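Engineer:
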Amino acid sequence: MSQPLADSALDQLFRTARTYNGYLDKPVSTEQLHAIWNLMKMAPTSANQLPARLVWCVSQEAREKLAACSAPTNAPKIMSAPVAVIIAMDTQFQEQLPWLFPHADARSWFTGNDALRERSAFINTTLQAAYFIMAARAIGLDTGPMTGFSNEAVDAAFLPETPDYKSVMISTLGYGDPASIFDRSPRPDFDVFNRIA
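Here UniProt numbering is used: position 91 in the sequence shown is 91, and no number is missing along the way.
(1) Where does Thr126 sit, in a helix, a strand or coil, going by DSSP?
(2) Suppose you measure from the CA of Leu66 to the CA of Met146; what does that come to, to the nearest Å?
(3) Taking just the CA atoms, how far does Glu61 sit from Met42?
(4) Starting from Arg63 and walking both ways along the alpha helix (DSSP H), at which residues does that stretch end?
(5) According to the Cβ coordinates, are Asp177 and Tyr23 closer than 8 angstroms?
(6) At which residues does the alpha helix (DSSP H) containing residue 209 begin and terminate?
(7) Taking the alpha carbon of Thr92 as the point to measure from, which residue in Trp99, Pro51, Lys77 and Thr125 has its own alpha carbon closest?
(8) Who are the near neighbours of Glu118 in its chain, counting only those whose CB is closer than 7 angstroms to its CB and skipping five residues on each side?
(9) What number of angstroms, rounded off, separates the C-alpha of Ala179 from the C-alpha of Arg18?
(10) Nearest to Ile181 by alpha carbon, out of Val168, Glu161, Gly144 and Ala35?
(11) Taking C-alpha atoms, which residue in Pro44, Pro82, Trp109 and Met169 lies nearest to Cys69?
(12) Can you name the start and end residues of the beta strand (DSSP E) that Arg18 belongs to?
(13) Go to residue 204, then tell me how far its beta strand (DSSP E) extends in each direction, as first and last residue.
(14) Assuming the contact rule is C-beta atoms closer than 8 angstroms, Val85 and Cys57 should be a hit. Round their C-beta distance to whole Å, please.
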């Protein structure tokens, strides 16, 4: 049976974790990128769809190209990070379901239903983007997720050979520079946005 995590783990994952705008001059290894994926792939998606497709921008050239597709306020953040990640959705994810979800003919649920397929791809990729953030925090890295970029430009620059892949979010990744964060924004008490029915 699962046990509650220690306060130190909860702090690292949630309470003291922050979104960073700048990073320390400290590299991120390929092994760490694999570690993030190997954690985030274990978290649930509907019918094990796993529609997220990640492009890890490690080289200076790749980060410059990504920065050029981003809002002016986000470009410096991308350039300061050792890694930036494009999280895209595979709009034809159902083609992978025969082996990802062999328990039922899940592929047929989405074939011919573009609206359901694209909605499911977006929702579950967004869910996987959240898992990416938590996995990065779990292995001791920091992130700076953002949606301030041109999806069309990112898709044209990084995904031209996979037209079924559509960018959803990008994130910086590394060891956050504490000087780059703002004061924490408000976090409301339970009763503000919750009710028990």
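Where a beta carbon is used, it is the ideal one built from N, C-alpha and C, also for glycine.
Here the structure is a predicted model, which is why all the values come from computation and not from measurement.
Structural biologist: Quick look at the numbers:
(1) Judged by DSSP in its simplified three-state form, Thr126 adopts helix.
(2) Here the C-alpha atom of Leu66 lies approximately 12 angstroms from the C-alpha atom of Met146.
(3) Cα to Cα, Met42 sits roughly 31 angstroms from Glu61.
(4) In the DSSP assignment, Arg63 falls within the alpha helix (DSSP H) that extends over Gln60 to Ala68.
(5) One thing to note: Asp177 has its Cβ within 8 angstroms of the Cβ of Tyr23.
(6) Residue 209 is absent from the model: the chain starts at 1 and stops at 197.
(7) The sequence shown places Gln at residue 92, not Thr. Nearest of Trp99, Pro51, Lys77 and Thr125 to Gln92, Cα basis: Pro51.
(8) Within the same chain, and ignoring the five residues on either side of Glu118 in sequence, the residues whose Cβ sits closer than 7 angstroms to its Cβ are Thr91.
(9) Put simply, the backbone Cα of Ala179 is about 12 angstroms away from that of Arg18.
(10) Out of Val168, Glu161, Gly144 and Ala35, Gly144 has the C-alpha closest to the C-alpha of Ile181.
(11) Among Pro44, Pro82, Trp109 and Met169, the Cα nearest to that of Cys69 belongs to Met169.
(12) Where Arg18 is concerned, there is no enclosing beta strand (DSSP E), because DSSP gives it neither an H nor an E.
(13) Nothing about residue 204 can be read from this structure; the chain reaches only from 1 to 197.
(14) Val85 to Cys57, Cβ: 7 angstroms. Contact.
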